[in-house]
């Protein structure tokens with residue numbers, strides 16, 4: 001830092017720094033009333049803060065050898081604020097918070113190894129499913145750091161394998177309902193709007209948030225298309241763009257779905273006229289607002305628990321759509337587009353599980369026949 005006296009008697013302090021993208025020397029200044037030991041210290045602090053702010057606004061590679069895990073997480077969160085939905089940001093915020101606690105805030109990123117990560121995760125004594133979810137989030141974080149030039153080498157990620165999850169592999173069929181179970185569940189639902197939502201998601205494959213966010217204008221009866229352009233975030237109570245570009249889609253209404261949407265449309269029109277309110281939503285509460293996501297899930301879960309002793313969520317209905325479409329012989333590519341994603345392991349698992357069960361049933365039937 002240097003200083004120079006100004007014609008008005010005040011003192012201007014200056015400091016140099018190097019611009020990280022151009023390599024050129026830049027300068028920052030602060031003017032003080034006098035030059036004393038106290039004002040020099042104050043000027044140095046202000047100049048350092050100015051430089052830090054200027055450098056912080058420039059997207060450049062962090063010194064790889066100095067990058068700590070908590071610093072990488074902060075950079076990641078800053079980027080996510082501008083690039084993902086609020087609900088995704090919150091999920092990843094808490095996921096990375098847990099990773100900081102497990103791996104250590106001051107851990108140097110370039111010294112992470114697959115062995116160290118596995119050891120730290122194993123020490124948590126969590127279920128394999130939880131541990132594997134942490135691995136998924138960690139890999140996304142590290143790959144983001146690599147793609148943005150904060151990390152130089154991530155080859156160790158290939159060595160980090162998920163933990164064996166016997167519980168997940170044991171009963172894939174518990175992730176969806178059989179056709180007769182679905183019919184029994186829906187017929188038991190006496191709250192009209194909750195029944196409508198269950199039927200709508202079962203016949204369309206929509207996520208529950210997508211169904212709740214539908215406007216009446218999104219359901220086009222001619223040419224029988226449902227336009228999915230948003231999803232409801234129950235935490236922040238807002239409708240926002242869907243999670244991926246593939247989620248932004250059009251769903252063809254087959255006859256059964258078309259008839260259901262007609263019934264819903266008529267029911268909601270009657271309710272609005274009777275109670276005297278207006279709403280742009282396809283299905284809404286009695287105040288014209290989005291229906292309560294948590295109340296629907298609780299109602300669905302309670303009915304399934306009573307009927308089948310199963311822990312069912314709204315996502316089970318979406319999985320059930322996959323299985324039922326597979327049983328109808330619909331190709332996996334068509335189902336994936338209808339669901340709004342191109343690569344989902346659970347969709348593939350359920351699809352092949354359902355088709356395998358169909359083949360086994362066919363074999364049992366053929367085994368007993370006599371032709372000649």
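Residue numbers (my numbering): 1 to 372. Ideal placement from N, C-alpha and C gives every residue a C-beta, glycine not left out.
What is the DSSP secondary structure of residue 255, reduced to helix, strand or coil?
The sequence position of residue 255 within the chain shown is 255, counting from 1. DSSP places residue 255 in helix when its eight states are reduced to three.
By the DSSP assignment, the beta strand (DSSP E) with residue 22 in it spans what residues?
Start at 1 with the first residue of the chain shown, and residue 22 comes out as number 22. Element bounds for residue 22: n/a, residue is neither H nor E.
Please report the residue range of the beta strand (DSSP E) in which residue 150 lies.
On the chain shown, residue 150 is found 150 positions in, with the first residue counted as 1. Element bounds for residue 150: n/a, residue is neither H nor E.
Determine, using beta carbons only, whether residue 110 and residue 53 come nearer to each other than 9 Å.
Residue 110 sits at position 110 when you count from the first residue of the chain shown. Residue 53 sits at position 53 when you count from the first residue of the chain shown. Not a contact, by the Cβ cut-off of 9 Å.
Ignore the nearest five residues each way along the sequence and tell me which others in residue 371's own chain have a CB closer than 7 Å to its CB.
Here residue 371 corresponds to residue number 371 of the chain shown, with the count starting at 1. Around residue 371: no qualifying Cβ.
When we look at the beta-carbon of residue 369 and count the other beta-carbons within 10 Å, is it buried (16 or more) or exposed?
The residue labelled residue 369 in the question sits at position 369 within the chain shown. Exposed, because fewer than 16 other Cβ atoms sit within 10 Å of the Cβ of residue 369.
Can you check DSSP and say which residues form a bridge with residue 11?
Working through the chain shown from its first residue, we reach residue 11 at position 11. According to DSSP, which records beta bridges pairwise, residue 11 is partnered with 5, 32.
Per DSSP, residue 215 forms a beta bridge with which residues?
Here residue 215 refers to the residue found at position 215 when the chain shown is read from its first residue. Answer is 281.
Give the DSSP-derived three-state secondary structure of residue 231 in the structure shown.
Residue 231 sits at position 231 when you count from the first residue of the chain shown. Strand at residue 231.
Please classify residue 324: does DSSP put it in a helix, a strand, or coil?
Position 324 of the chain shown holds residue 324. Residue 324: helix per DSSP, three-state reduction.
Which value, in whole angstroms, describes the spacing of the CA atoms of residue 72 and residue 47?
For the purposes of this step, residue 72 is identified with residue 72 of the chain shown, where counting begins at 1. For the purposes of this step, residue 47 is identified with residue 47 of the chain shown, where counting begins at 1. Straight-line Cα distance between these residues: approximately 25 Å.
What residue range is occupied by the uninterrupted beta strand (DSSP E) comprising residue 126?
Counting from 1 along the chain shown, the entry for residue 126 is found at position 126. Taken as a continuous stretch (DSSP letters only), residue 126 belongs to no beta strand (DSSP E), as it is neither H nor E.
Going straight from the alpha carbon of residue 256 to that of residue 242, what length do you get?
Residue mapping note: residue 256 aligns to position 256 of the chain shown, counting from 1. Residue mapping note: residue 242 aligns to position 242 of the chain shown, counting from 1. Straight-line Cα distance between these residues: approximately 25 Å.
For residue 200, I'd like the list of residues in its chain whose CB is within less than 6 Å of its CB, leaving aside the five on either flank, ordered along the chain.
In the chain shown, counting from the first residue as 1, residue 200 sits at position 200. Same-chain partners within the cutoff: 211.
What is the DSSP secondary structure of residue 371, counted as helix, strand or coil?
Walking along the chain shown from the start, residue 371 turns up at place 371. Here residue 371 sits in coil by DSSP.
Note down the Cα distance separating residue 209 from residue 175, rounded to an integer number of angstroms.
Along the chain shown, one-based indexing puts residue 209 at 209. Along the chain shown, one-based indexing puts residue 175 at 175. Rounded to whole angstroms, residue 209 to residue 175 spans 19 Å at the Cα level.
On the three-state DSSP scale, how would you describe residue 53?
Within the chain shown, the letter at position 53 stands for residue 53. In the structure shown, residue 53 sits in a helix (DSSP, three-state: H, G or I).
Do the CB positions of residue 300 and residue 179 come within less than 9 Å of each other?
Within the chain shown, numbered from 1, the residue matching residue 300 stands at position 300. Within the chain shown, numbered from 1, the residue matching residue 179 stands at position 179. In this structure, residue 179 does not lie closer than 9 Å to residue 300 by Cβ.
Using the Cα positions of residue 222 and residue 231, report the straight-line distance between them to the nearest angstrom.
Taking the first residue of the chain shown as 1, we reach residue 222 at position 222. Taking the first residue of the chain shown as 1, we reach residue 231 at position 231. Their Cα atoms are separated by approximately 23 Å.
Determine the DSSP secondary structure at residue 108, reduced to helix, strand or coil.
One-based indexing of the chain shown puts residue 108 at position 108. Residue 108: strand per DSSP, three-state reduction.
Please classify residue 178: does DSSP put it in a helix, a strand, or coil?
Within the chain shown, numbered from 1, the residue matching residue 178 stands at position 178. Coil at residue 178, not helix or strand.
DSSP state of residue 376, grouped into three classes?
Residue 376 lies beyond the range of the chain shown here (1 to 372); nothing can be said about it.
Based on DSSP bridge pairs, tell me the residues matched to residue 226.
Start at 1 with the first residue of the chain shown, and residue 226 comes out as number 226. Paired residues: 219, 251.
In three-state terms, what does DSSP make of residue 135?
Here residue 135 corresponds to residue number 135 of the chain shown, with the count starting at 1. Residue state, collapsed to three classes: helix.
Compute the distance between the beta-carbons of residue 12 and residue 31, then report whether it is under 9 Å.
In the chain shown, counting from the first residue as 1, residue 12 sits at position 12. In the chain shown, counting from the first residue as 1, residue 31 sits at position 31. It is a contact, given that the beta carbons lie within the stated cut-off.
Got a sec? Which residues, its chain only, sit under 6 Å from residue 228 by beta carbon, not counting five neighbours each side?
As a working note, residue 228 is residue 228 in the chain shown. Around residue 228: 210, 249.
Measure the C-alpha to C-alpha separation of residue 296 and residue 194 and round it to an integer number of angstroms.
On the chain shown, residue 296 is found 296 positions in, with the first residue counted as 1. On the chain shown, residue 194 is found 194 positions in, with the first residue counted as 1. Straight-line Cα distance between these residues: approximately 6 Å.
Could you round the C-beta distance between residue 100 and residue 70 to whole angstroms and report it? I think they count as a contact, below 8 Å.
On the chain shown, position 100 is the one that residue 100 refers to. On the chain shown, position 70 is the one that residue 70 refers to. Going by Cβ atoms, the distance from residue 100 to residue 70 rounds to 6 Å, so yes, they are a contact pair.
My output table needs one value for residue 286: the three-state DSSP class, helix, strand or coil.
Residue 286 sits at position 286 when you count from the first residue of the chain shown. In this structure, residue 286 counts as coil in the three-state DSSP scheme.
Count Cβ pairs between the segment 73-88 and the segment 34-45 that sit closer than 8 Å; are there 3 or more?
The segment 73-88, when compared against the segment 34-45, does not touch it at the 8 Å Cβ threshold.
So who's on the other strand from residue 240, going by DSSP bridges?
Locating residue 240 in the chain shown gives position 240, where the first residue counts as 1. Note: residue 240 sits in a beta bridge opposite 231.
Are residue 315 and residue 207 closer than 9 Å when you measure CB to CB?
If you number the chain shown from 1, residue 315 lands on position 315. If you number the chain shown from 1, residue 207 lands on position 207. Their beta carbons are under 9 Å apart, which means residue 315 touches residue 207 by this criterion.
Is residue 292 near residue 279, with beta carbons less than 9 Å apart?
Mapped onto the chain shown, residue 292 falls at position 292. Mapped onto the chain shown, residue 279 falls at position 279. No, the pair does not count as a contact, with Cβ atoms beyond the cut-off.
For the alpha helix (DSSP H) holding residue 381, just list the boundary residues, first then last.
Nothing can be reported for residue 381: it is not among the residues displayed for the chain, which extend from 1 to 372.
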